[in-house]
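For reference, the structure is listed below as structure tokens.
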């Protein structure tokens with residue numbers, strides 16, 4: 331049963347990736363300018379390398395062969411050169427993407443740590459004042475635009491109070507060697523004398539962006555956990571537990587929570603795509619050197635190979651993250667395996 | 295709830311710890327407005343790049359004292375010019391070491407070979423590095439310097455003779471600009487052996503106060519101090535340039551102490567900065583001009599009457615107030631009033647929309663036309679806010695029936711695209727690299743500059759070039775003045791560009807920082823910078 335389910339999921343994944351790669355490939359034709367320039371990132375006007383590029387991307391052949399050549403280069407890590415920097419796009423992605431994932435992960439962690447307990451509290455005190463307070467706060471969190479929140483926090487904590495820095499991942503004076511791309515891990519791996527100071531400084535830089543980024547998913551998780559809890563609390567086995575004389579906290583923690591968390595876990599996976607979208611805005615405002623800020627900068631500079639590479643990475647990541655969350659959910663929740671159609 | 299309160303505690307703890315101050319001891323952060331286009335000033339004329347690299351990484355043979363205007367020895371200790379002015383012999387300084395970096399360890403001190411390598415790269419096609427980075431040396435090509443060298447000969451290890459095709463009164467001042475820096479021949483030889491020629495412009499080796507460590511595009515440039523700097527010990531352990539294109543963000547970072555120096559604050563921000571006790575704002579005289587250049591090869595801008603009509607149609611007083619906030623002088627010639635060859639032009643166009651309309655009608659454009667204005671995306675001394683200026687011009691030109699589209703690109707892309715001459719007109723400017731007036735005229739308006747793509751007016755006038763040549767052929771100041779007067783008159787008659795204003799160079803810094811030297815020409819010098 332589980333194997334059948336996995337096969338179905340993986341087939342879906344395959345077709346999603348196929349469509350995505352087709353779309354990315356089509357972009358090189360849809361963007362203005364030369365197809366060879368859009369693919370390779372080499373402005374052929376100044377070089378005699380034109381023939382070489384045509385040969386490399388099989389531009390004289392039919393579209394199918396061109397597509398296969400394109401896929402082959404993508405798989406080999408040859409994503410062309412960025413028009414703006416002249417450096418390989420893949421190298422940029424390799425250094426920038428971990429920064430985005432790091433930010434998104436911490437934000438997700440915050441929203442799980444805050445969102446789920448708060449949701450449980452709201453459900454436990456349903457229609458009491460605690461619930462009302464939480465409802466009001468989440469309503470705000472839901473409806474506050476992320477860029478506005480970011481600017482308000484910068485105004486308050488950085489410019490007025492001067493407590494926190496407003497840009498980047500770490501004070502630039504700390505030199506941390508790039509190893510994994512995850513800054514906190516890189517700091518711990520480095521052998522600088524200022525390790526501890528660098529770590530504290532990195533936390534400083536992380537605080538505001540991750541709070542801003544966590545706001546919306548936290549609100550979603552609070553609502554979702556609360557609804558799931560209320561759903562479960564309404565079930566007959568809870569009623570019978572209550573009838574047997576179990577107290578409130580026993581019911582919540584031993585009987586309701588476990589079942590209520592199942593749909594929440596799949597919801598966490600779904601939040602990843604929202605998170606990555608919001609991360610782009612957050613990165614621009616906090617000058618966070620991640621893939622989102624780079625992608626937006628590339629659009630501004632009409633750097634087509636970079637735009638293609640950035641879109642491919644981000645979409646691929648979202649698809650795979652959603653898929654993993656889905657599969658995890660299935661492993662934890664046998665009932666969902668019976669759904670005959672895949673969904674993302 | 296407990297998690298929430300834990301986080302609150304963590305938040306307060308983190309917020310109060312003195313980590314910020316600890317990082318501050320490690321060096322100085324300079325918030326710069328753009329990525330360096332290269333790490334070799336020979337191949338660029340971009341002011342934002344020169345600020346970051348020239349005086350920090352390299353030295354020249356000689357420099358110009360900004361106060362007295364006299365030449366001062368740098369890597370050359372003395373120099374003699376032959377009677378006919380065609381041979382100049384430099385005696386070089388001994389015991390100067392090049393940078394010892396991760397990618398290069400020098401085995402010998404600076405000597406004549408380095409000077410010969412540096413300058414043969416510019417003009418000698420047999421130098422293996424001549425065609426590296428596309429063989430473009432915009433400053434040297436636009437001033438005609440690359441055509442001037444006959445040879446560079448070694449007399450002994452510490453003496454070099456430059457032989458020129460003809461005497462040139464601006465030769466020494468050109469050799470003192472930020473572009474005439476000395477590279478290491480030994481490093482070049484090593485790259486040649488490894489067949490890695492491009493690296494010479496990417497990973498720099500010089501003799502300057504700081505040495506290259508790391509460049510992360512759109513994020514930062516990191517230098518460490520040169521422990522063996524020949525001139526004096528360097529106080530700062532580290533010098534980091536934080537690449538921050540947005541001027542408001544630069545100021546915000548200055549306020550949060552993420553930057554120690556912010557380049558080019560905008561005039562509108564001055565009151566905020568002056569209100570802070572821990573910050574200082576400096577306004578320095580600077581030789582520069584902000585102008586509006588027309589693409590004179592593209593109709594209708596090939597017509598002088600149209601250019602004059604456009605010049606009469608814009609209200610410069612409004613621009614002076616709204617863009618420069620009074621921190622500039624309105625231009626009456628292409629040269630700034632501080633230049634010794636300055637002459638205010640009597641026929642300089644003034645605001646007169648009625649005349650503009652008449653001129654347009656005479657030229658056959660009763661119904662006006664549509665044009666584009668390229669506005670540079672960064673703030674420069676000569677034009678702190680090109681977008682705003684473009685908008686003001688847009689509204690002024692609408693009154694005479696001309697529709698304007700404003701076009702913007704990222705700064706280095708903008709400069710690259712500008713060399714292709716696809717624009718109708720562009721708002722840009724020029725900041726001088728030496729006090730010599732030829733430095734204003736020839737890099738932006740000569741025919742040579744058209745070919746190297748640095749002439750935004752795309753204007754090649756052989757009479758004008760002749761006047762410039764006559765001016766550098768003579769050593770008599772009076773005669774040179776006459777020639778430069780003629781050149782200025784030609785510009786205000788032909789109007790390949792409309793000079794708008796000469797800006798003051800603004801700089802904001804933390805009051806813990808001292809020792810920053812900004813001469814009226816050329817890039818910022820941070821060799822003596824220190825931080826309390």
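Chains as they are written, first to last, in this note's numbering: chain A, 331 to 674; chain B, 295 to 826. Glycine included, every Cβ here is placed at the ideal spot set by N, Cα and C.
Contact with chain A by residue i, beta-carbon distance below 9 Å
i, result
"residue 592(B)", "no"
"residue 510(B)", "yes"
"residue 532(B)", "yes"
"residue 765(B)", "no"
"residue 516(B)", "yes"
"residue 311(B)", "Any reading at residue 311(B) needs caution, since the residue's pLDDT is 44, under 50, leaving its predicted position unreliable; the model's value is listed next. Answer yes: the Cβ-Cβ gap between residue 311(B) and chain A drops below 9 Å somewhere."
"residue 321(B)", "yes"
"residue 779(B)", "no"
"residue 748(B)", "no"
"residue 574(B)", "no"
"residue 745(B)", "no"
"residue 821(B)", "no"
"residue 328(B)", "no"
"residue 547(B)", "yes"
"residue 497(B)", "no"
"residue 759(B)", "no"
"residue 552(B)", "yes"
Chain B contact for residue i (CB, 9 Å cutoff)
i, result
"residue 627(A)", "yes"
"residue 631(A)", "yes"
"residue 492(A)", "yes"
"residue 674(A)", "With a pLDDT of 47 at residue 674(A), under the threshold of 50, the modelled position of this residue cannot be trusted, and the question is left open."
"residue 496(A)", "yes"
"residue 582(A)", "no"
"residue 505(A)", "yes"
"residue 414(A)", "yes"
Within 9 Å, strictly: CB atoms of residue i and residue j
i, j, result
"residue 437(B)", "residue 405(B)", "no"
"residue 718(B)", "residue 589(B)", "yes"
"residue 628(B)", "residue 785(B)", "yes"
"residue 534(B)", "residue 821(B)", "no"
"residue 550(B)", "residue 492(A)", "yes"
"residue 332(B)", "residue 495(B)", "yes"
"residue 601(A)", "residue 550(A)", "yes"
"residue 617(A)", "residue 544(A)", "no"
"residue 486(B)", "residue 443(B)", "no"
"residue 622(B)", "residue 795(B)", "yes"
Exposure label - residue i; buried when at least 16 CB within 10 Å
i, result
"residue 485(A)", "exposed"
"residue 315(B)", "Low confidence applies here, because residue 315(B) scores a pLDDT of 46, under 50, leaving its location unreliable and the question unanswered by this model."
"residue 577(B)", "exposed"
"residue 458(A)", "exposed"
"residue 503(B)", "buried"
"residue 644(B)", "exposed"
"residue 399(B)", "exposed"
"residue 687(B)", "buried"
Nearest to residue i (by Cα), restricted to the options the options
i, options, result
"residue 828(B)", "810(B), 815(B) and 414(B)", "Not covered by the structure: residue 828(B). The range shown for chain B is 295 to 826."
"residue 651(A)", "603(A), 389(A) and 365(A)", "603(A)"
"residue 768(B)", "658(B), 430(B), 461(B) and 355(B)", "461(B)"
"residue 611(A)", "392(A), 349(A), 627(A) and 597(A)", "627(A)"
"residue 418(A)", "429(A), 403(A) and 432(A)", "403(A)"
"residue 642(B)", "630(B), 677(B), 655(B) and 606(B)", "606(B)"
"residue 659(B)", "637(B), 686(B) and 696(B)", "696(B)"
"residue 593(B)", "413(B), 455(B), 752(B) and 626(B)", "752(B)"
"residue 581(B)", "341(B), 685(B), 321(B) and 337(B)", "341(B)"
"residue 454(B)", "369(B), 481(B) and 501(B)", "369(B)"
"residue 683(B)", "620(B), 435(B), 447(B) and 616(B)", "616(B)"
Worksheet entry | the region 668-677 of chain B / the region 692-706 of chain B touching (three or more Cβ pairs under 8 Å) | With a cut-off of 8 Å, the region 692-706 of chain B and the region 668-677 of chain B count as touching, because enough Cβ pairs lie within range.
Worksheet item: Is there contact here, the region 635-654 of chain A with the region 709-727 of chain B, by at least three beta-carbon pairs under 8 Å?
Response: no
Practice prompt. Can you give me, in chain order, the residues of the region 593-622 of chain A that have a beta carbon less than 9 Å from any beta carbon in chain D?
Written response: Reference to chain D is not applicable here, since the protein chains of this structure are A and B.
Discussion item. Below 8 Å, how does it come out for the region 583-596 of chain A and the region 630-637 of chain A: are there three or more Cβ pairs, yes or no?
Written reply: No, the region 583-596 of chain A is not in contact with the region 630-637 of chain A.
Worksheet item: Three or more beta-carbon pairs under 8 Å between the region 495-506 of chain A and the region 571-580 of chain A, yes or no?
Response: Segments in contact, no.
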